[in-house]
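>
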Amino acid sequence: MRLYSTLSGDREELDTGDGVGLYVCGVTPYDSAHVGHAMSLIVYDVLVRYLRWRGIQVRYVSNYTDVDDKLLERASQLERDPLELAAANIEQWEREQDALGLLAPDVRPRVTAEIEPIIETIERIIANDLAYVAESGDVYFRVQAKDDYGKLSHRNIDQLRQGTRFEPGDGKEFALDFALWKAQKSGEPAWPSPWGPGRPGWHIECTTMAQRYLGETFDVHGGGVDLVFPHHDNEVAQAEAASGRPFARIWMHNGMVQRNHEKMAKSTGNVVGVEEALERWGPDAIRLFVLNSHYHGPNNLTDDAMTAAMRAVERLATALREAADAPGAPLDAAGYRSRFIEAMEDDLATPQALAVLFDLARAINRGRDAGEPVAEAQATLQELAGVLGLRLDAPETATAQVSAAELSKLAASLDVSCGGTDVESTMEALLERRQAARQERDFALADRIRDGLGALGIAIEDTPDGARWSVKR
RNA sequence: GGCCACGUAGCCAAGCGGCAAGGCAGGGGUCUGCAAAACCCCGAUCACCGGUUCGAAUCCGGUCGUGGCCUCCA
């Protein structure tokens with residue numbers, strides 16, 4: 493499999509020989525998650541699913557940075573304990589990750605539980621002369637001592653100095669030096685260290701956790717493109733300074749979710765929360781929206797795009813509807829399977845992989861219309877969709893979304909008597925009454941029943957085997 | 001100012017030198033009591049200007065435009 497690496501600026505062959513180690517930067521849980529965070533994890537989730545499906549062992553590590561400046565600031569605004577705030581947000585985010593159909597990483601380290609190893613990493617960097625302790629008790633990375641600093645973002649120190657936001661001070665030797673350890677300020681949570689009480693700087697936690705759980709050198713490090721500089725550049729610098737060895741071989745970066753062509757971020761106030769997105773569009777549509785464009789580029793979230801994604805999900809789900817046993821030669825899905833693999837092998841080309849799924853869906857529908865057995869091809873479609881993390885639940889299983897009371901009211905208003913008041917039996921009675929009306933060619937009544945159900949958000953479709961109902965999305 | 005992406009049909013979006021995927025929307029048809037679903041048919045001189053090549057959406061240079069990053073960031 494080839495993956496584009498930001499480090500080399502080119503596609504690299506992923507060595508899957510003795511398994512794959514993957515580290516993905518998770519969120520700083522100072523607030524609830526939005527669709528941008530979901531996109532990021534969906535991309536790496538698909539990578540993991542695909543590799544495992546191909547029989548490759550994957551160790552998937554994704555962290556929570558549960559202590560940092562932003563979190564402390566938010567906690568103080570809310571007058572809450574920062575660690576407790578982080579824990580609460582993580583809990584919510586993990587529930588949402590489940591709802592999004594995201595695989596749980598094998599390891600989900602948290603900074604607050606990794607303080608000792610982080611201190612050890614910093615000590616190694618100091619011992620290698622690439623970091624120093626300031627009078628304040630802060631520890632800084634000595635940027636100028638690392639001659640390839642900035643290689644990930646393809647910048648050098650001179651270019652970076654032109655930025656005006658770097659400020660000397662706090663005992664830094666050089667303006668671009670960044671903190672590995674921050675000495676405690678009043679009221680902040682702190683842990684003991686050789687340099688006095690304090691907490692880790694922003695980048696050191698990922699370096700430490702990645703190396704601890706995946707080794708000094710590992711296969712793939714992922715995250716949003718907005719993390720390339722400084723976060724990932726600093727991770728690289730620290731890791732190499734600590735171990736003297738290369739860090740991640742491949743650096744994978746996903747593009748940003750935009751709204752109105754502007755990055756979705758708390759700071760711009762254009763966020764769509766994961767909770768809201770799940771409610772409005774559901775997990776499959778969110779996933780299809782993300783995978784329909786290449787993970788590299790930006791992805792503009794609009795209501796139209798999401799509506800289209802929901803309809804597209806329905807199209808795939810419809811192709812999985814049970815088909816009657818049929819004579820004839822069964823539809824062979826092997827070609828679709830290999831096209832799917834080819835697409836995925838090429839830098840996780842999910843838009844093309846999806847196109848293969850749609851082509852297969854069309855072939856299934858065509859085969860079914862032609863009276864060919866398609867069950868095997870349907871199983872392949874379900875399997876390949878599963879590799880992308882799409883569930884494709886049949887909409888008719890959504891009984892829980894229907895109000896039994898409203899349904900009973902409708903039945904009563906149409907003089908349809910039913911055996912019970914639950915959704916199942918009321919629906920059955922209504923559909924039977926309608927079927928009888930159709931046979932008596934009383935289409936007015938049949939249409940009244942269909943329209944009444946339609947008003948409740950239930951769609952009726954007539955098939956040779958009787959009527960089928962589903963919840964409209 | 002610097003670094004990095006990108007500009008393809010009404011909308012979303014593939015494409016990595018050899019006749020322009022896929023989805024949504026729209027139009028026509030088949031099927032249906034009518035619908036729905038499904039199936040068939042219909043749509044692009046690839047931002048603009050030069051260059052390289054037998055051949056360019058694809059490579060090179062320039063122009064215009066959009067987005068991301070330059071110590072909050074998925």
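In terms of my numbering, the first sequence has 834 at position 342, counting the first letter as 1, and numbering is strictly consecutive. The C-beta atom is built at its ideal place from N, Cα and C for all residues, glycine as well.
Which partner residues does residue 692 have in the DSSP bridge list?
Answer is 673, bridged to residue 692.
> From the DSSP secondary-structure annotation, give me the bridge partner or partners of residue 631.
Its beta-bridge partners are 625 and 673.
> Inspect the beta-carbon positions of residue 761 and residue 716 and report whether they are closer than 9 Å.
Not in contact: residue 761 and residue 716 (Cβ atoms no closer than 9 Å).
> The beta strand (DSSP E) spanning residue 711 covers which residue range?
Its beta strand (DSSP E) spans residues 710-716.
> When the Cα atoms are used, what is the spatial distance from residue 618 to residue 804?
Their backbone Cα atoms lie some 55 Å apart in a straight line.
> Report the residue ranges of all beta strand (DSSP E) runs contained in full by the stretch 892-963; include only those spanning at least 3 residues, in chain order.
The stretch 892-963 contains these whole beta strand (DSSP E) runs: 950-955 and 958-963.
> Whole angstroms are fine: how far does the CA of residue 749 sit from the CA of residue 755?
Using only the alpha carbons, I get a separation of about 6 Å.
> Threshold first: 4 residues or longer. Then list the alpha helix (DSSP H) segments lying entirely within the stretch 818-852, N to C.
Correct list: 826-837.
> Tell me which same chain residues have a C-beta within less than 6 Å of the C-beta of residue 549, skipping the five on either side of it?
Contacts found: 511.
> If we ignore side chains and look at the alpha-carbon of each, how far apart do residue 537 and residue 881 end up?
Going by the C-alpha atoms only, they are around 8 Å apart.
> Give a yes or no on contact between the stretch 523-531 and the stretch 582-591, applying the rule of three or more CB pairs nearer than 8 Å.
Contact between the stretch 523-531 and the stretch 582-591 is present, because at least three Cβ pairs lie under 8 Å.
> Does the Cβ of residue 918 have 16 or more other Cβ atoms within 10 Å, making it buried, or fewer, making it exposed?
Buried, because 16 or more other Cβ atoms sit within 10 Å of the Cβ of residue 918.
> Please report the distance separating the alpha-carbon of residue 865 from that of residue 858.
When rounded, the distance between both Cα atoms is 11 Å.
> How would you label residue 713, buried or exposed, when you count the other beta carbons within 10 angstroms and need 16 or more for buried?
Result: buried.
> Using alpha carbons as the reference points, say which of 627, 926, 494 and 853 lies closest to residue 906.
Among 627, 926, 494 and 853, the Cα nearest to that of residue 906 belongs to 926.
> With a Cβ-Cβ cutoff of 9 Å, do residue 498 and residue 724 count as a contact?
Going by C-beta atoms, residue 498 is nearer than 9 Å to residue 724.
> Grab the span of the beta strand (DSSP E) containing residue 539 for me, first residue to last.
First-last for residue 539: 527-545, but that is the alpha helix (DSSP H), not the beta strand (DSSP E).
> Within its chain, find whatever has a CB closer than 8 Å to the CB of residue 675; leave out the 5 residues flanking it on each side and keep chain order.
Closer than 8 Å at Cβ, skipping near neighbours: 628, 629, 630, 687, 688, 689 and 690.
> Measuring CA to CA, which of 833, 839, 861 and 808 is closest to residue 823?
Here the closest residue by C-alpha is 861.
> According to the Cβ coordinates, are residue 578 and residue 559 closer than 9 Å?
Yes, Cβ-Cβ distance for residue 578 and residue 559 is below 9 Å.
> With a threshold of 7 Å on Cβ separation, who are the neighbours of residue 666 within its own chain once the five nearest residues in sequence on each side are excluded?
Excluding sequence neighbours, residue 666 sits near 635 and 636.
> Once you ignore the five residues that flank residue 461 on each side, which residues in its own chain have a CB closer than 7 Å to its CB?
Past the boundaries of the shown model lies residue 461; the chain is included only from 493 to 965, so the question cannot be answered.
> Excluding five sequence neighbours on each side, which residues of the same chain lie with their C-beta closer than 8 Å to the C-beta of residue 942?
Correct list, in chain order: 926 and 952.
> Could you tell me the boundaries of the alpha helix (DSSP H) in which residue 748 lies?
Here residue 748 belongs to no alpha helix (DSSP H), and DSSP marks it neither H nor E.
> Taking DSSP as the reference, what is the three-state secondary structure of residue 510?
Residue 510: coil per DSSP, three-state reduction.
> Would you say residue 700 and residue 557 are within 9 Å of each other, going by their C-beta atoms?
No. Outside cutoff.
> Quick check on this structure: which residue in 738, 679, 775 and 671 has the alpha carbon closest to the alpha carbon of residue 702?
Nearest option by C-alpha distance: 738.
> So the beta strand (DSSP E) residue 554 belongs to, where does it begin and stop?
Run containing residue 554: 550-554, per the beta strand (DSSP E) assignment.
> Taking the alpha helix (DSSP H) that residue 803 belongs to, which residues open and close that run?
Counting along the chain, the alpha helix (DSSP H) containing residue 803 begins and ends at 795-811.
> Less than 8 Å between the CB atoms is what I'm expecting for residue 513 and residue 710, so what's the real figure, rounded?
Yes, residue 513 and residue 710 are in contact; Cβ-Cβ is about 4 Å, under 8 Å.
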